[in-house]
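S.K.: Residue numbers (the working numbering), protein chains in the order written: chain A, 1 to 90; chain B, 1001 to 1113.
Below you will find the structure I want to go over with you.
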């Protein structure tokens, strides 16, 4: 009962976080702001996927969250390298 | 035992929800990039960590091993500082405007080209 309430509150918070990150992603004055927003969006997506896995009782979703986390990190590293040097791999 | 674990998981989830919200609101509301870098890299990392700890506790209550959660927690806590540092380097390289003004002495050693 209490667990379900806490899960619902956390789901709402993570969804609101995704929306706020999307706002920064569309708005961001600099390209780096968009990179940061994408990084945070990936984090929030990981939290959202794990929460949905708990809610639906499907532990298979946790591996999906791991993949999203790795892809988000790779994207952040590649994009900030590109913005620093104009090149990802020398 | 199970009720204790579930109560603990519920409390951790509430804490994680708070920190996720703080990170996202900070990303939207703070005035310049260097300040905005702080909110998601610290608060959101703690929020994701809290969600994963709650998931581990629930797995313990249901008697299933939580290898994936443990891996995600380790990965997130290892990579968040790295990506934050890379983004800060890129911001200094691009000389993004800061409310605190330019750095007192020129930053060296960031761009080897």
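Heads up, the beta-carbon is just placed ideally off N, CA and C, and yes, glycines get one too.
Just so we're clear, the structure is a prediction, and the values are computed from it rather than from any experiment.
1) Excluding the 5 residues flanking residue 15 (chain A) on each side, which residues of the same chain have their C-beta closer than 8 angstroms to its C-beta?
2) What do you reckon, are the CB atoms on residue 1070 (chain B) and residue 1005 (chain B) nearer than 8 angstroms?
3) Please go through the same chain and pick out, in chain order, the residues whose beta-carbon is closer than 8 angstroms to the beta-carbon of residue 1037 (chain B), but skip the five residues on each side of it.
4) Given a threshold of 16 other Cβ atoms within 10 Å of its Cβ, counted over all protein chains shown, does residue 39 (chain A) qualify as buried or as exposed?
5) Would you tell me roughly how many angstroms separate the C-alpha atoms of residue 1033 (chain B) and residue 1023 (chain B), rounded to the nearest one?
6) Are the stretch 1036-1056 of chain B and the stretch 1011-1025 of chain B in contact at 8 angstroms, needing three or more beta carbon pairs?
7) Looking at the structure shown, is residue 76 (chain A) part of a helix, part of a strand, or coil, going by DSSP?
8) Kindly indicate if chain A contains any beta-carbon less than 8 angstroms away from that of residue 1077 (chain B).
M.R.: In this structure, then:
1) 48
2) no
3) 1084, 1087, 1088 and 1091
4) buried
5) 14 angstroms
6) yes
7) helix
8) no
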